[in-house]
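Peer 1:
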Amino acid sequence: MNLAVKLPRGLVLKNPVVAASGTFGFGPEYRDLVNIGRLGGVSVKGVSPDPWPGNPPPRVWETPGGLLNSIGLQNHGVEAFCTHDLPYLRETGTAVIVNIIGHTVDEYRRVAERISEEPGVSALEVNISCPNIKHGGISFGHDPDQAYLVTEAVRNATDLPVMVKLSPNVPNPGMIAQAVEGAGADMISAINTLVGLAVDKHRRRPALGGITGGLSGPAVKPVALRVVYEVAQQVKIPIIGMGGITTASDVVEFLMVGAQAVMVGTVTFQYPQRMEEIIEALPDELLSWGFATLDEAVGSALPHKKEGLPHESP
Amino acid sequence: MIQLLQVPIIRREEPAPGHAELWVQSEELAEAKPGQFADVVTQGMLRRPISFSRIDRSNHQVALLLQVVGEGTRWLAAQRPGTTLDVMGPLGKGFSAPDPHRAWCVVGGGVGIPPLLAAVEAWGSQLSSPPTAILGARDQSLILLAEEFSASGCVVAVATDNGTRGHRGTIEEPLREWLGLHPEGQVYACGPTPMLKTVARLTNGRQGVSLALEQRMGCGIGACLACVIPGYVDGAAGYLRVCTDGPVFRAEELIFE
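Following this line, the structure appears as structure tokens:
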């Protein structure tokens with residue numbers, strides 16, 4: 026089965042399984058354990074114009090079915106990324122998606138411009154939704170007007186395909202999605218992590234150094250499916266779905282609610298080769314649910330697609 | 033080289049209450065350096081980093097000594113010979129071989145003791161004088177592997193918080209005394225952060241002080257930036273990764289708050 030995914034502005038993924046930002050480093054880290062060229066793409070950790078220190082440790086805490094993190098977007102800045110990491114990544118043959126972050130609209134613009142000067146980058150993912158960065162109490166992903174401004178600035182700074190990563194920590198993710206679509210985003214990726222908190226009973230304080238953290242892993246999958254399902258009915262641009270995917274069966278669920286591709290993250294920490302296993306298993310998994318192609322599955326569980334389904338009861 | 037391995041447990045011991053030492057058969061893990069670690073799949077979302085208490089290169093066996101601190105380690109400690117573990121390793125930077133011409137002291141606290149046994153078993157006999165092992169814990173029952181340190185030729189000093197064995201108190205007094213007697217001596221330490229902070233303070237700037245650290249860890253291979261500790265990065269204050277920059281650091285690389 027041909028698993029290639031055609032996305033806007035000529036972006037083609039050889040298959041719909043992409044390493045999620047934050048879980049796959051800046052590119053070379055997993056080289057001994059993962060055949061990176063086999064992946065549909067890699068979205069690197071968030072890259073800012075200048076280095077960011079990140080949050081104080083501890084930065085991770087296990088929760089039932091999930092993982093709470095407060096890394097705080099530590100990164101060594103766009104110049105170091107372009108010098109140290111990108112040269113390796115662009116040789117792997119996978120689609121290189123650079124996740125970009127900033128404190129201000131202008132910082133997003135700066136990093137987008139700098140990345141656009143580099144060969145071998147397939148797309149930008151604009152991270153307006155990391156729950157671990159407090160920026161005057163407002164994160165760009167929580168306000169449609171702010172989300173519009175950031176997206177518009179990045180759009181004007183690059184010819185690369187632009188996807189915007191949505192937060193689930195808002196009452197109506199669809200409103201943010203419509204705002205970024207209006208500002209020229211080519212794609213949506215969803216979801217980022219859910220804000221949570223864990224308690225360290227020994228030390229009688231919140232467990233994470235950053236106090237709150239972002240929840241990922243299988244525990245968040247129903248939330249992620251709900252957001253993709255809603256957003257898919259509110260925008261026309263493609264969606265890359267993610268949240269708690271650990272199997273090819275999970276991938277089919279995300280495709281059915283409207284995602285054209287997916288990202289896989291938290292499970293990689295425990296099973297680094299799981300993404301490759303999912304890619305291997307996906308054709309049979311699709312066939313087992315009656316889909317002869319990837320496209321047939323996309324959106325098949327959305328309301329408007331249900332009419333005419335052969336085995337649906339009257 | 034880091035590998036994903038399926039390794040059988042061949043022996044299980046309980047060296048102290050709430051602890052288990054799992055011997056596994058693995059040619060690849062037996063190539064590890066003392067201070068490196070294995071990252072083991074449990075029932076939870078993350079692997080558990082466990083250091084090697086023994087590395088038997090000739091028989092292709094290593095031992096993983098762990099303390100039960102939560103659900104993951106409880107599951108792991110309950111595994112029996114015949115079970116196969118899903119292990120990634122060997123990981124991290126281990127200890128460097130000590131200078132054979134200088135006195136050597138290893139200082140271990142609680143479940144930080146095991147990797148130091150692997151170190152003295154590897155290098156203790158190469159030194160011109162026998163190494164000293166200062167082992168600390170809350171109670172005598174938690175002093176791990178003291179007999180094995182003796183059997184490896186170490187002079188062993190024990191400190192317990194409650195005075196049930198050896199010096200009453202922390203490792204501070206025995207270490208201070210040893211440092212006074214060995215002004216050129218080198219120190220390798222592993223244990224809780226307050227203990228390592230004490231070692232760093234007492235050895236203040238001396239060359240040859242190596243500290244092995246612990247931190248809650250995500251990926252184990254340097255990708256997620258979860259397991260960081262404060263230290264000097266290119267001369268400036270920042271965060272170092274325990275999994276790949278460590279877990280063994282030179283004392284002068286670290287910043288203790």
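Sequences listed follow chains A and B, in order. Take the first sequence: its position 122, counting from 1, is numbered 147 in this note's numbering, and each next residue is one higher. Take the second sequence: its position 171, counting from 1, is numbered 203 in this note's numbering, and each next residue is one higher. Virtual Cβ for every residue (Gly too), placed ideally from N, Cα, C. From a predicted model like this one, the values you see are computed outputs, not experimental measurements.
Which runs of the alpha helix (DSSP H) fall wholly inside the segment 261–302 of chain A and span at least 4 residues, in chain order?
Peer 2: 273–281, 291–295
Peer 1: Run down chain B in chain order and give the residues with a C-beta less than 8 Å from the C-beta of A/N94.
Peer 2: The residue you call residue 94 of chain A lines up with position 69 of the first sequence. Here the neighbours are G250, C256, A258.
Peer 1: Check whether the Cβ of A/P81 lies closer than 9 Å to any Cβ atom in chain B.
Peer 2: As a first step, residue 81 of chain A must be located in the first sequence, where it is residue number 56. By this cut-off, A/P81 is an interface position.
Peer 1: Between B/I287 and chain A, is there a C-beta pair that is closer than 9 Å?
Peer 2: Within the second sequence, numbered from 1, the residue matching residue 287 of chain B stands at position 255. False, the Cβ-Cβ gap to chain A never drops below 9 Å.
Peer 1: By the 7 Å beta-carbon criterion, what residues does the segment 221–239 of chain B contribute toward chain A?
Peer 2: None of the residues of the segment 221–239 of chain B has a beta carbon lying less than 7 Å from any beta carbon of chain A.
Peer 1: Closest to A/A182 by C-alpha separation, out of A/E142, A/K190, A/S192, would be which residue?
Peer 2: The residue you call residue 182 of chain A lines up with position 157 of the first sequence. The residue with the shortest Cα to Cα distance from A/A182 is A/E142.
Peer 1: Run through DSSP, which three-state label would A/G324 get?
Peer 2: In the first sequence, the residue the question calls residue 324 of chain A occupies position 299. Residue state, collapsed to three classes: coil.
Peer 1: Taking 9 Å as the CB-CB limit, is A/T237 close to chain B?
Peer 2: Taking the first residue of the first sequence as position 1, residue 237 of chain A is located at position 212. Output row for A/T237: interface = no.
Peer 1: Can you tell me which of B/Q247, B/P113, B/S157, B/A129 puts its alpha carbon nearest to the alpha carbon of B/G185?
Peer 2: Counting from 1 along the second sequence, the entry for residue 185 of chain B is found at position 153. Out of B/Q247, B/P113, B/S157, B/A129, B/S157 has the C-alpha closest to the C-alpha of B/G185.
Peer 1: I want to see whether chain B comes within less than 9 Å of A/K226, judged by CB atoms only; does it?
Peer 2: Position 201 of the first sequence, counted from the first residue, corresponds to residue 226 of chain A. No - not a single Cβ of chain B is within 9 Å of the one on A/K226.
Peer 1: For A/R84, would you say it is in contact with chain B, using Cβ-to-Cβ distances shorter than 9 Å as the test?
Peer 2: In the first sequence, residue 84 of chain A corresponds to position 59, counting from 1. By this cut-off, A/R84 is an interface position.
Peer 1: What in chain B is Cβ-close to A/E54, meaning under 9 Å?
Peer 2: Looking up residue 54 of chain A in the first sequence gives position 29. What A/E54 touches in chain B: C251, I253, G254, A255, C256, T276.
Peer 1: Would B/Y220 pass as a contact of B/C275 if the rule is Cβ separation under 9 Å?
Peer 2: Locating residue 220 of chain B in the second sequence gives position 188, where the first residue counts as 1. Locating residue 275 of chain B in the second sequence gives position 243, where the first residue counts as 1. No, these two residues do not count as a Cβ contact at 9 Å.
Peer 1: Name the chain B residues whose beta carbon is nearer than 9 Å to that of A/E87?
Peer 2: As a position in the first sequence, residue 87 of chain A is number 62, starting the count at 1. By Cβ distance, chain B contributes G76, M77, L78, G102, E103, G104, R248.
Peer 1: My understanding is that A/G342 touches A/P297, with C-beta atoms under 8 Å, so please give their C-beta distance in whole angstroms.
Peer 2: Coverage of chain A is limited to positions 26 through 339, which leaves residue 342 of chain A absent and any answer about it impossible.
Peer 1: Could one say the Cβ of B/Q38 lies closer than 9 Å to chain A's Cβ atoms, at least one of them?
Peer 2: Indexing the second sequence from 1 puts residue 38 of chain B at position 6. No, B/Q38 lies away from the interface with chain A (no Cβ there is under 9 Å from its Cβ).
Peer 1: Look at the alpha carbon of A/S192 and the alpha carbon of A/E177, and state the distance between them as a whole number of angstroms.
Peer 2: Position 167 of the first sequence, counted from the first residue, corresponds to residue 192 of chain A. Position 152 of the first sequence, counted from the first residue, corresponds to residue 177 of chain A. Distance between the alpha carbons of A/S192 and A/E177 is about 18 Å.
Peer 1: Could you give the residue range of the alpha helix (DSSP H) that holds B/V101?
Peer 2: In the second sequence, the residue the question calls residue 101 of chain B occupies position 69. Where B/V101 is concerned, there is no enclosing alpha helix (DSSP H), given that its DSSP letter is neither H nor E.
Peer 1: Would you mind sorting B/Q218 into buried or exposed? The rule is 16 or more other CB atoms within 10 Å of its CB.
Peer 2: Working through the second sequence from its first residue, we reach residue 218 of chain B at position 186. Result: buried.
Peer 1: Looking at C-beta atoms only, is the number of pairs between the segment 55–65 of chain A and the segment 77–93 of chain A that lie closer than 8 Å three or more?
Peer 2: Between the segment 55–65 of chain A and the segment 77–93 of chain A, the count of Cβ pairs shorter than 8 Å is below three; the stretches do not touch.
Peer 1: Three or more C-beta pairs closer than 8 Å, one from the segment 258–266 of chain A and one from the segment 227–235 of chain A: is that the case here?
Peer 2: No: the two stretches stay apart, fewer than three of their Cβ pairs being nearer than 8 Å.
Peer 1: At a Cβ threshold of 9 Å, is B/H51 touching chain A?
Peer 2: For the purposes of this step, residue 51 of chain B is taken as the residue at position 19 of the second sequence. No, B/H51 lies away from the interface with chain A (no Cβ there is under 9 Å from its Cβ).
Peer 1: At the level of alpha carbons, what is the spacing between A/N27 and A/F316?
Peer 2: On the first sequence, position 2 is the one that residue 27 of chain A refers to. On the first sequence, position 291 is the one that residue 316 of chain A refers to. Distance between the alpha carbons of A/N27 and A/F316: 12 Å.
Peer 1: To which residues does DSSP link B/I41 through a beta bridge?
Peer 2: If you number the second sequence from 1, residue 41 of chain B lands on position 9. Answer is B/V56, bridged to B/I41.
Peer 1: Taking A/Q203 as part of the beta strand (DSSP E), name the residues at either end of that continuous run.
Peer 2: As a first step, residue 203 of chain A must be located in the first sequence, where it is residue number 178. No beta strand (DSSP E) contains A/Q203, which is instead part of the alpha helix (DSSP H) from 198–207.
Peer 1: Could you check whether the Cβ of B/P270 sits closer than 9 Å to any Cβ belonging to chain A?
Peer 2: By one-based count along the second sequence, residue 270 of chain B stands at place 238. First, the residue type needs correcting, since residue 270 of chain B is Gly and not Pro in the sequence shown. Cβ-Cβ to chain A under 9 Å: yes for B/G270.
Peer 1: Quick one: is A/G161 buried, meaning 16 or more other Cβ sit within 10 Å of its Cβ, or exposed?
Peer 2: Stepping through the first sequence from its first residue, residue 161 of chain A is reached at position 136. Legend: pLDDT at A/G161 = 41, less than 50; position of this residue unreliable, value from coordinates given subsequently. Label assigned to A/G161: exposed.
Peer 1: Can you grab the Cα-Cα spacing for the pair B/P215 / B/S128, in whole Å?
Peer 2: Taking the first residue of the second sequence as position 1, residue 215 of chain B is located at position 183. Taking the first residue of the second sequence as position 1, residue 128 of chain B is located at position 96. When the Cα atoms are used, B/P215 and B/S128 turn out to be separated by approximately 20 Å.
Peer 1: Quick one: does A/G242 have its CB under 9 Å from some CB of chain B?
Peer 2: For this step, residue 242 of chain A is matched to residue 217 along the first sequence. Using beta-carbon distances, A/G242 counts as an interface residue toward chain B, with a partner under 9 Å.
Peer 1: How big is the Cα-Cα spacing for B/L177 and B/L97?
Peer 2: As a working note, residue 177 of chain B is residue 145 in the second sequence. As a working note, residue 97 of chain B is residue 65 in the second sequence. Going from the Cα of B/L177 to the Cα of B/L97 covers about 10 Å.
Peer 1: Quick check on DSSP: helix, strand or coil for B/P206?
Peer 2: As a working mapping, residue 206 of chain B is identified with position 174 in the second sequence. Correct three-state label for B/P206: helix.
Peer 1: I need the boundaries of the alpha helix (DSSP H) containing A/D170, first residue and last residue.
Peer 2: Within the first sequence, numbered from 1, the residue matching residue 170 of chain A stands at position 145. It spans 169–182 - the alpha helix (DSSP H) in which A/D170 sits, taken as one unbroken run.
Peer 1: Whether or not the segment 110–119 of chain B and the segment 129–149 of chain B are in contact is what I'm after, with contact meaning three or more pairs of Cβ atoms, one per stretch, closer than 8 Å; do they touch?
Peer 2: no
Peer 1: By Cβ distance below 7 Å, which residues in the same chain neighbour B/L211 in space, the five residues on each side in sequence not counted?
Peer 2: The count along the second sequence starts at 1 and reaches residue 211 of chain B at position 179. Here B/L211 has G217, L234, T235 as same chain residues with Cβ atoms under 7 Å from its own Cβ, once five neighbours each way along the sequence are excluded.
Peer 1: Please report how far the alpha carbon of A/S274 lies from the alpha carbon of A/E310, in whole angstroms.
Peer 2: For this step, residue 274 of chain A is matched to residue 249 along the first sequence. For this step, residue 310 of chain A is matched to residue 285 along the first sequence. Near 6 Å, if we compare the C-alpha coordinates of A/E310 and A/S274.
Peer 1: From the DSSP secondary-structure annotation, give me the bridge partner or partners of B/D118.
Peer 2: Here residue 118 of chain B refers to the residue found at position 86 of the second sequence. B/Q38.
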